[in-house]
């Protein structure tokens, strides 16, 4: 009897100690995973858990994205996960995505996992036509994507039709030419054969080096109105803020590099960009919603921080990571030579 | 065999030329 009471007591105290949890689904560019998240967890707790699970150390480029009322939002690190305006039906779903882009992929992306996630995200943006890519660059990119996936070209393995099921080119590009799928495959394969000897990480890096030269790469666009009520697009990227004609997302009418901006602020729906040079006019605009203003400001702060950080010496952590990556690369090369 | 050296712009020009004969008149 006493034993039964004791065991019941310990069971209830154990039960009381267990924290309340909820299920979270995280969707990355190539995987889905579920976690039990404590109700009290902040954004950072969940974000760190995801990064640890992925083995990702270059965390500063990434965020957990969700959609609220048709607009994109990112989980705040210092706010409780459940205090965000996320649909509370379980599993609560977030997309683990790159939020900020490097200025130079080759210099800044160190770990293979970071490069791979960027490669997958940028490839999707190009195929979904979120990033404009000219036809010739699309074919070259496709050939690197094939090298990354299939390894070296081997005509005895990669026979006619081997790319038939692959999505390799934006539809817009395909529609510009009177070419059959076989003709596209032939052209892509001819370039794929040129990449012989490139490992997956190298092919993905070549892909990113080409993609980063396209005008829309890494730009977040927002519809705004200037003080006269004219519709414009605001672009936020690694280099600064850009103002576009809504008909032309490729070439900005004006740009404000981060090092030439004194201050960015908003009150209610009005945004103000104050340039450092007092001779240049202050630029004021309105966005559609307060929520969008918050996102614009978040992206400005994050991109500005990274812009400043790039212009200082690497932190110890990054130095160490780069040294490790160099060692790893040398080791892989030795291995390949040996084989 | 060492990988054949490719210059990016030369590659793009070559691809552009190979696609051009098949361009839609509207394109």
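Protein chains in written order, with the numbering used here: chain A, 3 to 341; chain B, 24 to 50. We put the CB at the ideal spot given by N, CA and C, even for glycine. Source: prediction; values computed, not measured.
Is residue 48 of chain B helix, strand or coil by DSSP? If DSSP states are grouped into helix, strand and coil, residue 48 of chain B belongs with coil.
Count the other C-beta atoms from every protein chain shown that fall within 10 angstroms of the C-beta of residue 40 of chain B, then say buried if there are 16 or more, exposed otherwise. Exposed.
Chain B contacts from the stretch 153–186 of chain A (Cβ-Cβ distance under 7 Å): When CB distances to chain B are screened at a threshold of 7 Å, the residues of the stretch 153–186 of chain A falling below it are 178, 179, 180 and 181, in chain order.
For residue 291 of chain A, which residues of its own chain have a beta-carbon under 8 Å away from its beta-carbon, when the five flanking residues on both sides are left out? Closer than 8 Å at Cβ, skipping near neighbours: 73 and 271.
Figure out for me which residue from A/256, A/41 and A/97 has the closest Cα to the Cα of residue 21 of chain A. Answer by Cα proximity: A/41.
Report buried or exposed for residue 32 of chain B, applying the criterion of at least 16 other Cβ atoms within 10 angstroms of its Cβ. Residue environment analysis places residue 32 of chain B among the exposed positions, since fewer than 16 neighbouring C-beta atoms fall within 10 angstroms of its C-beta.
Please report the distance separating the alpha-carbon of residue 211 of chain A from that of residue 23 of chain A. Straight through space, the alpha carbons of residue 23 of chain A and residue 211 of chain A are spaced by roughly 42 Å.
As an exercise, report each continuous beta strand (DSSP E) stretch of at least 3 residues that is fully enclosed by the stretch 49–90 of chain A, in chain order. Qualifying beta strand (DSSP E) stretches, in chain order: 64–70 and 73–76.
Between residue 104 of chain A and chain B, is the shortest Cβ-Cβ distance under 7 Å, so that the two count as touching? Judged by the 7 Å Cβ criterion, residue 104 of chain A is not in contact with chain B.
How would you call residue 90 of chain A, buried or exposed, if buried means at least 16 neighbouring beta carbons within 10 angstroms? It is exposed - the Cβ of residue 90 of chain A has fewer than 16 other Cβ atoms within 10 Å.
Anticipated Cβ contact below 8 Å, residue 25 of chain A with residue 36 of chain A, distance rounded: Sure, about 6 Å apart at Cβ, within 8 Å.
Against chain B, does residue 138 of chain A count as a neighbour if the rule is that its beta carbon must be under 7 Å from one of theirs? Interface residue, yes.
Mark residue 284 of chain A as exposed unless 16 or more other C-beta atoms lie within 10 angstroms of its C-beta, in which case mark it buried. Exposed.
Residue 228 of chain A - partner residues in DSSP beta bridges: In the DSSP output, where bridge partners are listed per residue, residue 228 of chain A has A/287.
Whole angstroms is fine: what's the gap from residue 206 of chain A's alpha carbon to residue 50 of chain A's? Cα to Cα, the separation comes out at about 26 Å.
Taking Cβ-Cβ distances shorter than 7 Å, what residues in chain B pair up with residue 141 of chain A? Residues of chain B with a Cβ closer than 7 Å to the Cβ of residue 141 of chain A are, in chain order, 38.
What span of residues does the alpha helix (DSSP H) with residue 311 of chain A cover, start to end? Counting along the chain, the alpha helix (DSSP H) containing residue 311 of chain A begins and ends at 292–312.
Can you tell me whether DSSP reads residue 268 of chain A as helix, strand or coil? Secondary structure of residue 268 of chain A (DSSP, three-state): strand.
Continuous beta strand (DSSP E) stretch holding residue 172 of chain A: start and end: Going by DSSP, residue 172 of chain A is part of no beta strand (DSSP E) at all; its letter is neither H nor E.
If you measure between the beta carbons of residue 141 of chain A and residue 189 of chain A, is that distance less than 7 Å? Closer than 7 Å, so yes.
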